[in-house]
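Novice:
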Amino acid sequence: MGLLLFFFLVFALFGIGWISDILRHRHPLGPEEVQELARRRQWERLLTAYAFSGTQRPADPAEKKAMKGSGQFVRCDLSYSEMPSAVAGLLKYKKHEWIVIVFIRESHAEYLWWNKGSDGKSVSPHLRGGYLDNAIRLHKPDALAILHNHPNPNPSRYRANLPSAQDLRSAEYMAGLLAKFGISLVEFVCERGTSHMYYAHLNSNLSPLEAHIERINGLNGAGIFKNVELRRELARRTSVGHGIQGGVF
-13 MGLLLFFFLV
-3 FALFGIGWIS
7 DILRHRHPLG
17 PEEVQELARR
27 RQWERLLTAY
37 AFSGTQRPAD
47 PAEKKAMKGS
57 GQFVRCDLSY
67 SEMPSAVAGL
77 LKYKKHEWIV
87 IVFIRESHAE
97 YLWWNKGSDG
107 KSVSPHLRGG
117 YLDNAIRLHK
127 PDALAILHNH
137 PNPNPSRYRA
147 NLPSAQDLRS
157 AEYMAGLLAK
167 FGISLVEFVC
177 ERGTSHMYYA
187 HLNSNLSPLE
197 AHIERINGLN
207 GAGIFKNVEL
217 RRELARRTSV
227 GHGIQGGVF
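For the sequence shown, position 135 (counting from the first letter as 1) is numbered 121 according to the working numbering, and the numbering increases by one without interruption.
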């Protein structure tokens, strides 16, 4: 009898909580809430389009040795999803910082530029200004990926997979330059053969905000349970894009 009473109380409490949740979230979203949810869906959709494999990819030692520190263009043939791991493999164990600029078109990495920095603490692209503009006009990318490594003198004690303040300032500056061409930008820091995305400035044309607003409005106000579903989505914290700075243009 006691066990039955216990289960009855558990189910009663569960039912009360469920009903309370329904009543609390029964109202349709307001215009600002629709906009917020639409922007979140857009950001998640755009970042999903730039998802990549985290599996480490060892590089050919001869290819690593042949990398020209003063700067060079290299033809490549990689899917975008494979590219971050391939570049991280090339930069693994490098004692200097290197920067790699990858020209991406239709989710395919076709060309890249790399050069070495003067030390293990900083690096800037030798490909800049008019040279970068000419390369964009020649290769016609729809996105650039910029990757650089953080040499780690003591991996057992330190992690070097986070961007510096200067990394973020440089990313914002580059994003402004590329936006005039309608080109998206994704940036990564590489440590010990693994790439970590920390910045994205993405062209909204791939996932227009208006389309998300239209789909949300089609559900909003269509019934209590639709309202509850939308409000739960709005309240839910998503892991997509967590820690990635940038935005949509």
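Virtual Cβ for every residue (Gly too), placed ideally from N, Cα, C.
Since we're looking at a predicted model, the values are computed, not measured.
Leaving out the 5 sequence neighbours to the left and right, which residues in its chain are closer than 8 Å to Met183 when beta-carbon positions are compared?
Specialist: As a first step, residue 183 is located in the sequence shown; it is residue number 197 there, counting from the start. Tyr36, Phe38, Pro70, Val172, Glu173, Phe174, Ile230, listed in sequence order.
Novice: Ordered along the chain, which non-local residues of its own chain (more than five positions away) have a Cβ less than 8 Å from that of Thr224?
Specialist: For the purposes of this step, residue 224 is taken as residue 238 along the sequence shown, with counting starting at 1. Contacts found: Arg26, Glu30.
Novice: With a cut-off of 8 Å, do at least 3 Cβ pairs link the region 92 to 109 to the region 153 to 164?
Specialist: At 8 Å Cβ cutoff, the stretches do not touch.
Novice: Would Leu130 pass as a contact of Leu164 if the rule is Cβ separation under 8 Å?
Specialist: Reading the sequence shown from its first residue, position 144 is the one you call residue 130. Reading the sequence shown from its first residue, position 178 is the one you call residue 164. Yes, the pair counts as a contact, with Cβ atoms nearer than the cut-off.
Novice: Taking the beta strand (DSSP E) that Phe174 falls in, what are its first and last residues?
Specialist: Looking up residue 174 in the sequence shown gives position 188. Counting along the chain, the beta strand (DSSP E) containing Phe174 begins and ends at 170 to 177.
Novice: Okay, do the region 207 to 223 and the region 13 to 20 touch, 3+ Cβ pairs below 8 Å being the bar?
Specialist: Yes, since at least three Cβ pairs between the region 207 to 223 and the region 13 to 20 fall closer than 8 Å, the two stretches touch.
Novice: Mind checking Pro127: buried by the 16 CB within 10 Å criterion, or exposed?
Specialist: Along the sequence shown, read from residue 1 onward, the residue named residue 127 stands at position 141. That one is buried.
Novice: Would a C-beta distance cut-off of 8 Å place Asp105 and His125 closer than the cut-off?
Specialist: Translated into the one-based positions of the sequence shown, residue 105 becomes position 119. Translated into the one-based positions of the sequence shown, residue 125 becomes position 139. It is not a contact, given that the beta carbons lie outside the stated cut-off.
Novice: Locate the alpha helix (DSSP H) running through His136, then write down its first and last residues.
Specialist: Taking the sequence shown and counting its residues from 1, the one referred to as residue 136 is at position 150. Taken as a continuous stretch (DSSP letters only), His136 belongs to no alpha helix (DSSP H), as it is neither H nor E.
Novice: State the Cα-Cα distance for the pair Thr180 and Ile8, rounded to the nearest angstrom.
Specialist: Taking the sequence shown and counting its residues from 1, one reaches residue 180 at position 194. Taking the sequence shown and counting its residues from 1, one reaches residue 8 at position 22. Taking the straight line from one Cα to the other gives about 44 Å.
Novice: Just mark His228 as buried or exposed, buried being the case when its beta carbon has 16 or more other beta carbons within 10 Å.
Specialist: Locating residue 228 in the sequence shown gives position 242, where the first residue counts as 1. So His228 counts as exposed.
Novice: If you draw a straight line from the alpha carbon of Asp119 to that of Ile87, how long is it in whole angstroms?
Specialist: Along the sequence shown, read from residue 1 onward, the residue named residue 119 stands at position 133. Along the sequence shown, read from residue 1 onward, the residue named residue 87 stands at position 101. Straight-line Cα distance between these residues: approximately 13 Å.
Novice: Curious, which full-length beta strand (DSSP E) runs of at least 3 residues does the region 76 to 161 contain?
Specialist: Counting whole runs of 3 or more residues, the region 76 to 161 contains the beta strand (DSSP E) stretches 84 to 91, 94 to 102, 129 to 135.
Novice: If you reduce the DSSP assignment to three classes, tell me which class Ser190 lands in.
Specialist: Here residue 190 refers to the residue found at position 204 of the sequence shown. Ser190: helix per DSSP, three-state reduction.
Novice: In whole angstroms, what separates the C-alpha of Lys212 from that of Leu64?
Specialist: Indexing the sequence shown from 1 puts residue 212 at position 226. Indexing the sequence shown from 1 puts residue 64 at position 78. So the alpha carbons of these two residues sit roughly 42 Å apart.
Novice: Taking Gln21 as the reference, give the member of Val109, Asn203, Arg222, Leu188 with the closest Cα.
Specialist: Reading the sequence shown from its first residue, position 35 is the one you call residue 21. That would be Asn203, whose Cα lies nearest to the Cα of Gln21.
Novice: On the criterion of 16 or more Cβ atoms from any shown chain inside 10 Å, does Asn191 qualify as buried, or is it exposed?
Specialist: As a working mapping, residue 191 is identified with position 205 in the sequence shown. Its Cβ having fewer than 16 others within 10 Å, Asn191 is exposed.
Novice: Report the CB separation of Asn138 from Tyr144 in whole angstroms; it is logged as a contact under 8 Å.
Specialist: Sequence index remark: in the sequence shown, residue 138 carries index 152 (1-based). Sequence index remark: in the sequence shown, residue 144 carries index 158 (1-based). Going by Cβ atoms, the distance from Asn138 to Tyr144 rounds to 6 Å, so yes, they are a contact pair.
Novice: Can you tell me whether Trp4 is helix, strand or coil according to DSSP?
Specialist: Here the question's residue 4 lines up with position 18 in the sequence shown. For Trp4, the pLDDT reaches just 49, beneath the cut-off of 50, and the residue's location in the model is therefore unreliable, although a value from the coordinates is still provided. Three-state DSSP puts Trp4 in a helix.
Novice: Considering only residues of the same chain and omitting the five flanking positions on each side of Ile199, which have a CB-CB separation below 8 Å?
Specialist: Taking the first residue of the sequence shown as 1, we reach residue 199 at position 213. Cβ neighbours of Ile199 beyond the five flanking positions: Val20, Gln21, Ala24.
Novice: Quick check: the Cα distance between Ala146 and Glu196, rounded to an integer number of angstroms?
Specialist: By one-based count along the sequence shown, residue 146 stands at place 160. By one-based count along the sequence shown, residue 196 stands at place 210. Looking at the two C-alpha atoms, the distance is approximately 39 Å.
Novice: Under the three-state reduction of DSSP, which class applies to Arg218: helix, strand or coil?
Specialist: Residue numbering aside, residue 218 sits at position 232 when the sequence shown is read from its first letter. Helix at Arg218.
Novice: Rounded to whole angstroms, what's the CA-CA distance from Gly116 to Arg217? Just pull it up for me.
Specialist: Position 130 of the sequence shown holds residue 116. Position 231 of the sequence shown holds residue 217. Gly116 and Arg217: Cα-Cα distance of roughly 48 Å.
Novice: Under 6 Å Cβ to Cβ from Gly57, same chain only, skipping five residues before and after it: list those, please.
Specialist: Position 71 of the sequence shown, counted from the first residue, corresponds to residue 57. Once the five neighbours on either side are set aside, the close Cβ partners of Gly57 are Asn101, His112.
Novice: Name the residue from Ser150, Ala121, Tyr185 whose alpha carbon lies nearest to the alpha carbon of Arg61.
Specialist: Position 75 of the sequence shown, counting from 1, holds the residue named residue 61. It is Ala121 whose Cα lies nearest to the Cα of Arg61.
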